[in-house]
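Novice:
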Amino acid sequence: MTEIVLKSNTGFEWVSLVNPSIRELAQIAVQYNLHSASVHDCLEPEHLPKYEVIDEVAFMVLRAYDLGASKDGDTVQKLTNKIAFFIGKDFLVTIHRKDHEYLRVVRNKWRVSRKDEDNLALKISTDLYAAAMNTYEIPIKDAMELVERYEEAIFDNNEPATIIEKLYLLRRKASIYKKMLFLFNELLKKQMVGNEMLVSYFKDVLETGEKLQYYSDQLYEDTNNLLNIHLSLASHRTNEVMKVLTILSVFFLPLTFIVGIYGMNFKYMPELESVWGYSAVWLVMLVICVGIYFWFKSKGWLS
Amino acid sequence: MTEIVLKSNTGFEWVSLVNPSIRELAQIAVQYNLHSASVHDCLEPEHLPKYEVIDEVAFMVLRAYDLGASKDGDTVQKLTNKIAFFIGKDFLVTIHRKDHEYLRVVRNKWRVSRKDEDNLALKISTDLYAAAMNTYEIPIKDAMELVERYEEAIFDNNEPATIIEKLYLLRRKASIYKKMLFLFNELLKKQMVGNEMLVSYFKDVLETGEKLQYYSDQLYEDTNNLLNIHLSLASHRTNEVMKVLTILSVFFLPLTFIVGIYGMNFKYMPELESVWGYSAVWLVMLVICVGIYFWFKSKGWLS
Amino acid sequence: MTEIVLKSNTGFEWVSLVNPSIRELAQIAVQYNLHSASVHDCLEPEHLPKYEVIDEVAFMVLRAYDLGASKDGDTVQKLTNKIAFFIGKDFLVTIHRKDHEYLRVVRNKWRVSRKDEDNLALKISTDLYAAAMNTYEIPIKDAMELVERYEEAIFDNNEPATIIEKLYLLRRKASIYKKMLFLFNELLKKQMVGNEMLVSYFKDVLETGEKLQYYSDQLYEDTNNLLNIHLSLASHRTNEVMKVLTILSVFFLPLTFIVGIYGMNFKYMPELESVWGYSAVWLVMLVICVGIYFWFKSKGWLS
Amino acid sequence: MTEIVLKSNTGFEWVSLVNPSIRELAQIAVQYNLHSASVHDCLEPEHLPKYEVIDEVAFMVLRAYDLGASKDGDTVQKLTNKIAFFIGKDFLVTIHRKDHEYLRVVRNKWRVSRKDEDNLALKISTDLYAAAMNTYEIPIKDAMELVERYEEAIFDNNEPATIIEKLYLLRRKASIYKKMLFLFNELLKKQMVGNEMLVSYFKDVLETGEKLQYYSDQLYEDTNNLLNIHLSLASHRTNEVMKVLTILSVFFLPLTFIVGIYGMNFKYMPELESVWGYSAVWLVMLVICVGIYFWFKSKGWLS
Amino acid sequence: MTEIVLKSNTGFEWVSLVNPSIRELAQIAVQYNLHSASVHDCLEPEHLPKYEVIDEVAFMVLRAYDLGASKDGDTVQKLTNKIAFFIGKDFLVTIHRKDHEYLRVVRNKWRVSRKDEDNLALKISTDLYAAAMNTYEIPIKDAMELVERYEEAIFDNNEPATIIEKLYLLRRKASIYKKMLFLFNELLKKQMVGNEMLVSYFKDVLETGEKLQYYSDQLYEDTNNLLNIHLSLASHRTNEVMKVLTILSVFFLPLTFIVGIYGMNFKYMPELESVWGYSAVWLVMLVICVGIYFWFKSKGWLS
Ligand SMILES: [Mg+2]
Ligand SMILES: [Mg+2]
Ligand SMILES: [Mg+2]
Ligand SMILES: [Mg+2]
Ligand SMILES: [Mg+2]
Ligand SMILES: [Mg+2]
Ligand SMILES: [Mg+2]
Ligand SMILES: [Mg+2]
Ligand SMILES: [Mg+2]
Ligand SMILES: [Mg+2]
Ligand SMILES: [Mg+2]
Ligand SMILES: [Mg+2]
Ligand SMILES: [Mg+2]
Ligand SMILES: [Mg+2]
Ligand SMILES: [Mg+2]
Ligand SMILES: [Mg+2]
Ligand SMILES: [Mg+2]
Ligand SMILES: [Mg+2]
Ligand SMILES: [Mg+2]
Ligand SMILES: [Mg+2]
Ligand SMILES: [Mg+2]
Ligand SMILES: [Mg+2]
Ligand SMILES: [Mg+2]
Ligand SMILES: [Mg+2]
Ligand SMILES: [Mg+2]
Ligand SMILES: [Mg+2]
Ligand SMILES: [Mg+2]
Ligand SMILES: [Mg+2]
Ligand SMILES: [Mg+2]
Ligand SMILES: [Mg+2]
Ligand SMILES: [Mg+2]
């Protein structure tokens with residue numbers, strides 16, 4: 001679907017293509033003289049973010065976070081959607097598969113704004129760029145809250161049974177957010193070169209991008225640390241349990257052996273006949289227990 | 001609350017806004033012709049440190065350590081407070097939520113000082129900058145002492161039960177101090193460009209910043225190493241305990257089996273009838289013990 | 001075998017040598033005045049990728065993925081095949097051991113194309129370069145799917161018994177793909193210097209190279225993470241099993257000891273004569289069980 | 001204590017201050033016109049190495065290894081001592097807390113040498129610098145020998161019980177040596193700029209510095225690796241011991257159960273009455289043992 | 001021993017000193033006007049590789065792999081031998097402790113070659129340099145084959161008992177090869193500056209150096225990974241063994257307790273008198289086994 005979103009008095013045009021057919025795309029490519037290599041990139045849904053300028057037309061591919069992404073997606077393709085721009089002197093062509101909320105907001109903002117500004121193509125595309133980048137804010141903030149909840153649960157020892165899988169998935173997502181936001185900032189820095197008249201415009205967006213990148217770095221680091229500390233704590237707790245078993249076993253091994261001895265049915269066992277035999281066995285066992293107790297104490301294993 | 005802290009003979013003014021209403025802020029923005037993007041940043045309590053110059057007015061956001069921060073805070077927001085400056089030719093506007101001790105000290109110092117110096121805005125803002133940075137000294141020193149105490153406890157094997165959680169929290173805090181001090185030093189280096197007349201002023205502050213950064217790096221590294229060594233030691237000690245169990249078990253497993261055999265109630269068990277049966281069993285058990293002892297010895301498991 | 005693939009109207013010649021004898025190679029070296037050091041490199045089957053220009057003839061060694069490579073190959077030599085180019089003003093010499101599918105495709109494409117273009121040597125060699133690089137796409141994509149399958153299996157706890165070996169091998173392969181694609185991109189960047197007239201040609205190939213490098217990085221990271229998480233999960237699950245044993249043991253150790261006591265055959269054991277003896281033992285054992293239960297509960301080991 | 005060590009014919013003076021009072025220091029500061037900020041740094045015993053030039057006077061702070069440092073010191077402050085220099089055109093002021101052997105050696109060397117050379121301040125200070133740096137050689141060499149001894153002990157399995165603590169302390173020390181030698185080399189490189197006439201002088205010292213840095217890097221790495229390998233080996237050995245226990249247990253668990261069965265006192269147990277009962281039980285136990293043996297063999301657990 | 005290896009028509013002289021006395025060295029130093037600092041470096045057997053130019057004489061120290069090195073050497077000193085060069089306009093002085101095979105080969109090559117070439121000092125020294133560097137090829141290739149053999153053994157579970165020590169030693173050696181080859185390549189790059197007329201000569205050697213560095217990097221990485229995977233596999237296998245023990249124990253713990261109960265000798269135990277007592281006990285034990293079986297099955301512990 002091809003739509004002309006905006007037509008300014010100065011001759012500027014913003015054309016939006018939503019899920020265009022190859023024919024629609026070809027038509028636009030001819031009309032605005034777009035480079036065929038770039039047009040080809042538009043058709044590849046898995047394309048990673050890029051920025052290039054050919055014959056004074058800038059071509060940009062971005063990947064915005066897909067708010068409708070499945071909870072357990074863990075690849076760039078499952079978590080993000082592509083959006084492509086052609087930024088010319090007096091035109092802007094935007095191409096995307098579906099129409100997302102963040103795109104609608106930008107369209108509505110510019111439809112009602114002054115239509116005689118300079119550099120409309122750059123300004124609008126930077127707005128779209130910022131909107132696409134900001135789609136990562138919600139999943140990052142959500143993930144950070146989740147991590148904080150998991151952290152508390154782990155130290156209170158009531159984490160869910162699948163915590164390892166959950167943290168592993170979160171770390172993968174954080175890794176993708178990090179990568180995407182890194183690319184966003186790289187692209188913007190590339191675009192700033194040669195467009196110095198809009199530097200304050202770009203800087204503002206870049207600052208937000210760096211903040212988001214900082215948070216995604218932090219998220220990755222926190223998730224990784226939490227996963228490691230969970231494994232350490234779990235192993236530490238099992239160790240504690242096994243130490244108790246071990247200590248108890250050391251007490252009961254010789255005792256159970258001794259009572260086994262006097263459970264034997266030999267005809268000639270003098271101890272069994274003695275009046276003091278039973279009491280003597282109890283005494284021996286007591287002495288053994290006390291001996292082990294002090295041995296362990298001296299080793300510091302009873303703390 | 002808006003307060004004029006200082007008015008010099010040379011026309012310089014220092015205005016301090018403590019927890020200003022939006023109206024107060026707007027008024028000041030108009031009066032000093034402050035850039036709206038910067039004013040907007042002032043209102044965001046979670047803003048990370050930044051430095052930018054717009055129309056010859058420098059805008060700086062810093063985050064000082066909050067001495068009243070909760071002991072278990074572990075995020076930039078919980079551990080630090082924002083302070084923002086507008087540094088003009090002949091004015092300085094400082095904006096903060098609460099009035100902190102370190103700010104009061106700087107205000108008092110300048111109230112009594114010569115009011116006809118050059119570059120008052122830069123000098124005062126650098127003083128505030130140094131004061132904000134120095135707020136990190138106390139928590140870092142405290143944390144380093146804590147780490148030293150934990151280290152001793154860990155090697156004496158009387159660390160608190162929640163040592164893992166404690167070290168994990170300390171490492172997170174160290175990570176935040178590192179990041180903040182890194183940003184402090186970055187900002188100062190940016191500010192030094194173009195203000196060469198005050199280079200000795202800046203260098204002194206930068207040196208302190210680099211010292212603090214070195215200590216926070218060290219703190220992070222030490223905490224991390226101590227956490228790892230604690231886990232290693234704990235697992236090593238449990239292993240020692242289990243080795244004792246294992247060795248004892250290997251002795252008692254066959255012995256307990258043997259006494260079990262002669263505890264059976266079969267009618268026809270020739271050994272039971274023998275006069276030497278009981279003594280023979282003791283002999284067999286002794287031989288087994290000696291055999292296991294030498295087997296273990298040859299394997300080096302009895303060290 | 002020496003074959004002249006192409007002869008353009010402009011005097012350009014493409015000579016392809018498949019598994020040439022030393023004599024054939026020497027002949028071509030004389031004919032095109034190729035540097036002896038480079039010719040020597042051609043004969044070394046293990047040569048790593050390189051690019052150098054001597055006397056205006058560019059010499060390039062590439063290593064393409066060998067689609068017929070054994071499944072458990074894990075070295076550069078077993079997984080990849082060498083291909084060497086000499087790129088002159090008006091000639092292109094390509095040398096390889098075997099004739100691969102990807103080479104045939106490029107040959108066929110150029111046989112039918114216009115033969116009067118400029119820079120044919122560079123264009124064809126870049127095509128061959130791209131074809132060689134693209135041979136990595138299939139093994140990387142296959143490996144990524146395998147990793148995804150393993151991931152699911154690991155979290156469903158039905159991974160194959162040799163999963164560790166399999167992931168270790170995948171990680172080694174990923175390490176080699178990473179290295180090779182890194183070298184591909186490095187070579188192309190070197191070649192771009194001085195050939196600015198073909199920059200759009202090169203950029204397109206470079207972009208594909210960077211995408212492949214991104215995927216191989218991701219593959220390495222994912223394989224490594226999956227290996228670690230598998231080991232963590234396996235150890236975590238064994239810990240869970242052992243905790244159950246430990247807890248059960250702590251219950252049965254004292255019980256088995258008690259029934260052992262009253263299995264002893266002493267003549268004088270008053271408890272054995274008592275009418276309530278048997279019931280009392282049951283009671284004592286019940287009390288012990290309840291005691292242990294609450295002790296464990298208080299320690300949080302029964303969650 | 002203020003001492004004039006050297007007075008050359010050319011008007012050069014070397015003044016040495018050992019543990020000066022504030023008054024002595026102030027006097028010297030006035031006499032040589034030293035910058036107050038630098039003088040202030042002299043008084044701080046914890047100051048990290050630095051180099052700065054103010055008004056043509058170079059100020060340098062170094063930290064030499066303290067040969068009398070406590071064996072278990074593990075901080076910059078406990079292991080090293082500060083020495084400060086002011087290097088002017090025709091004066092050298094050296095300030096230190098105590099008088100160390102390495103300082104005495106340099107003083108004696110220059111007292112007997114030609115006193116009419118050029119650049120005396122720089123030459124002497126570089127000598128002192130080299131002497132301070134060389135104090136690290138002995139502790140590094142000692143530590144390397146210790147590591148070699150520990151390594152042998154660990155692989156012979158007769159390491160001391162506190163080996164973990166010892167290696168941990170060594171690694172901390174190595175970390176400090178690394179940092180200090182890194183700073184030494186950084187300072188010298190700074191000082192070389194602008195003093196090109198003495199480049200061969202400096203280069204010689206720098207080479208020694210880089211050698212020491214290489215050894216301290218190596219020490220850190222070796223200590224770290226040895227600590228890790230010790231933990232791995234210890235855990236590996238415990239595993240071996242436990243495997244023996246496990247295998248023995250699997251044999252004795254069913255055997256002990258079986259003899260337990262026929263130790264029961266039921267009135268009606270037909271097996272007990274049988275003439276072949278006892279022999280049959282032995283046969284069954286033998287069969288079980290053989291079965292387990294082959295099961296284990298097939299699993300490869302008996303290697 | 002001083003030997004004049006070569007004397008060209010153009011006045012060039014190559015002097016070789018094998019294990020020279022201090023007097024011999026001093027004599028040569030005077031004759032060729034060698035810098036005393038460099039001569040001093042010649043006498044230090046532990047000197048690390050370096051390159052420096054003083055008064056148009058280049059001085060180079062290299063460390064070649066010592067083919068006669070002890071198998072368990074793991075330091076730069078034990079594994080490598082020093083060789084030093086003075087490279088002048090019309091002389092080359094080479095100094096080494098022993099006469100090695102690789103030196104003899106180079107001497108013989110040049111003795112029979114044209115003696116009127118330009119730049120003989122540089123060409124010969126580069127040849128010696130290449131020969132010294134190539135001494136690393138054999139130990140690296142040997143180590144790589146060893147690693148491949150160990151890898152197979154580890155996955156077949158028949159590795160030698162001292163595999164950890166062996167891999168640890170290999171990793172240390174790899175670390176030294178890496179460092180030495182890194183220094184070789186660094187030195188050559190330094191030497192290339194100012195000797196552009198021999199660039200193709202140098203580039204060829206550098207390429208070999210970079211290949212060797214790549215292989216030594218790979219060796220280090222492979223050894224490290226193999227060590228880690230061995231430890232992981234060993235721990236994984238022990239875990240498997242212990243899981244079997246654990247599961248068997250859980251079956252036998254209650255069974256052994258039950259047969260213990262009816263082994264008690266109380267006078268009044270109604271079950272013992274019952275005709276069905278014995279069968280009932282078997283039934284109860286069967287029920288317990290089945291119960292445990294299904295409990296384990298539901299937990300997925302019987303896969
Ligand atoms: Mg990942
Ligand atoms: Mg990543
Ligand atoms: Mg970080
Ligand atoms: Mg971060
Ligand atoms: Mg960690
Ligand atoms: Mg880790
Ligand atoms: Mg961290
Ligand atoms: Mg953190
Ligand atoms: Mg951080
Ligand atoms: Mg660090
Ligand atoms: Mg550090
Ligand atoms: Mg460390
Ligand atoms: Mg560590
Ligand atoms: Mg690898
Ligand atoms: Mg690699
Ligand atoms: Mg990566
Ligand atoms: Mg990546
Ligand atoms: Mg990762
Ligand atoms: Mg990991
Ligand atoms: Mg440390
Ligand atoms: Mg350090
Ligand atoms: Mg290192
Ligand atoms: Mg090193
Ligand atoms: Mg290492
Ligand atoms: Mg390691
Ligand atoms: Mg090493
Ligand atoms: Mg190394
Ligand atoms: Mg590598
Ligand atoms: Mg690796
Ligand atoms: Mg690894
Ligand atoms: Mg690790």
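Chains as they are written, first to last, in the UniProt record's numbering: chain E, 1 to 303; chain Y, 1 to 303; chain R, 1 to 303; chain A, 1 to 303; chain X, 1 to 303. Even for Gly, the Cβ is constructed at its ideal location relative to N, Cα and C. Quick caveat: nothing in here was measured; it's all calculated off a predicted structure.
#1: Compare the C-alpha of L187/E against each of E52/E, V93/E, F91/E and L248/E and name the closest.
#2: Note down, in chain order, every chain X residue with its Cβ under 7 Å from the Cβ of N239/A.
#3: Residues of chain A with a CB under 7 Å from the CB of K211/Y: which are they?
#4: Where I124/A and E3/A are concerned, what is the direct C-alpha to C-alpha distance, given to the nearest angstrom?
#5: Name the chain A residues that come within less than 7 Å of T246/Y, Cβ to Cβ?
#6: Return yes when the Cβ of E159/X is within less than 8 Å of the Cβ of Y150/X, no when it is not.
#7: What are the boundary residues of the beta strand (DSSP E) that S8/A is part of?
#8: Since L62/X contacts I95/X with CB under 8 Å, what's their CB separation in whole angstroms?
#9: Give the residues of chain A in contact with T256/X, contact being defined as C-beta atoms less than 7 Å apart.
#10: Count the C-beta pairs between the stretch 167–180 of chain E and the stretch 216–231 of chain E that are closer than 8 Å, then say yes if the count reaches three, no if not.
#11: Output the distance between the C-alpha atoms of Q77/E and S249/Y, rounded to the nearest integer angstrom.
#12: Start and end of the alpha helix (DSSP H) containing K166/Y?
#13: Count the other CB atoms, across all protein chains shown, that sit within 10 Å of the CB of N81/E; report buried if there are 16 or more and exposed otherwise.
#14: Along the chain, where does the alpha helix (DSSP H) that runs through Y293/X open and close?
#15: So which residues on chain R does N81/X lean against when the C-beta distance must stay under 9 Å?
#16: Where does residue 318/E land, buried or exposed, given buried means 16+ other C-beta within 10 angstroms?
#17: Against chain A, with Cβ distances strictly below 8 Å, would E165/X count as a contact?
#18: Out of N157/X, T126/X, A64/X and F12/X, which has the shortest C-alpha to C-alpha gap to H100/X?
#19: Relative to the C-alpha of E221/E, which residue among E56/E, V147/E and K89/E is closest?
#20: Apply the 10 Å Cβ neighbour rule to S279/Y and answer buried if 16 or more other Cβ atoms are within range, or exposed otherwise.
#21: Answer with buried or exposed for residue 306/R, where buried requires no fewer than 16 other C-beta atoms within 10 angstroms of its C-beta.
#22: Taking the straight line between their C-alpha atoms, what separation do you get for V199/E and G209/E?
#23: 8 Å is my cut-off, CB to CB: does N265/Y come that close to chain A?
#24: With a CB to CB cut of under 6 Å and the five nearest residues on each side skipped, what residues in its chain are close to V112/E?
#25: Residues in the same chain with beta-carbon distance under 8 Å from Y102/X, minus the five sequence neighbours each way, listed in chain order, please.
#26: From the DSSP secondary-structure annotation, give me the bridge partner or partners of N211/Y.
#27: Considering just the uninterrupted stretch of the alpha helix (DSSP H) at Y32/A, what are its terminal residues?
Specialist: In brief:
#1: For L187/E, the closest alpha carbon among the candidates E52/E, V93/E, F91/E and L248/E is that of E52/E.
#2: Simply A234, S235 and T238.
#3: Within chain A, the residues placing a beta-carbon under 7 Å from that of K211/Y are L48, ordered along the chain.
#4: I124/A and E3/A have their alpha carbons spaced roughly 16 Å apart.
#5: Correct list: V241, M242 and L245.
#6: A distance below 8 Å separates the beta carbons of Y150/X and E159/X.
#7: Run containing S8/A: none; DSSP gives neither H nor E here.
#8: Between I95/X and L62/X the Cβ distance is about 11 Å, and since that is not below 8 Å, they are no contact.
#9: Around T256/X, the beta-carbon contacts reaching into chain A at under 7 Å are T256, F257 and G260.
#10: Because the criterion of three Cβ pairs below 8 Å is met, the stretch 167–180 of chain E and the stretch 216–231 of chain E touch.
#11: Each residue's alpha carbon lies about 56 Å from the other.
#12: Here the alpha helix (DSSP H) through K166/Y covers I163 to M192.
#13: Looking at its Cβ environment, which holds 16 or more other Cβ atoms inside 10 Å, N81/E is buried.
#14: It spans G277 to K299 - the alpha helix (DSSP H) in which Y293/X sits, taken as one unbroken run.
#15: Result: empty, since nearest Cβ-Cβ is about 28 Å, beyond 9 Å.
#16: Past the edges of chain E, shown from 1 to 303, lies residue 318/E, and the structure says nothing about it.
#17: Interface residue (Cβ-Cβ distance to chain A less than 8 Å): E165/X is classified as such.
#18: Comparing Cα-Cα distances from H100/X to each of N157/X, T126/X, A64/X and F12/X, the minimum goes to A64/X.
#19: Closest by alpha carbon: V147/E.
#20: Exposed, because fewer than 16 other Cβ atoms sit within 10 Å of the Cβ of S279/Y.
#21: Residue 306/R falls outside the range modelled here, since chain R spans only 1 to 303, and no answer is possible.
#22: Those two C-alpha atoms are separated by around 15 Å.
#23: When Cβ-Cβ separations below 8 Å define contact, N265/Y makes contact with chain A.
#24: So no residue of the chain qualifies.
#25: Non-local beta-carbon contacts of Y102/X in its own chain, meaning distances under 8 Å to residues more than five positions away in sequence, involve A64, A131, A132, N134 and T135 in chain order.
#26: Residue identity check: residue 211/Y is Lys in the sequence provided, not Asn. DSSP lists no partner for K211/Y.
#27: Y32/A: member of the alpha helix (DSSP H) spanning I22 to Y32, first to last residue.
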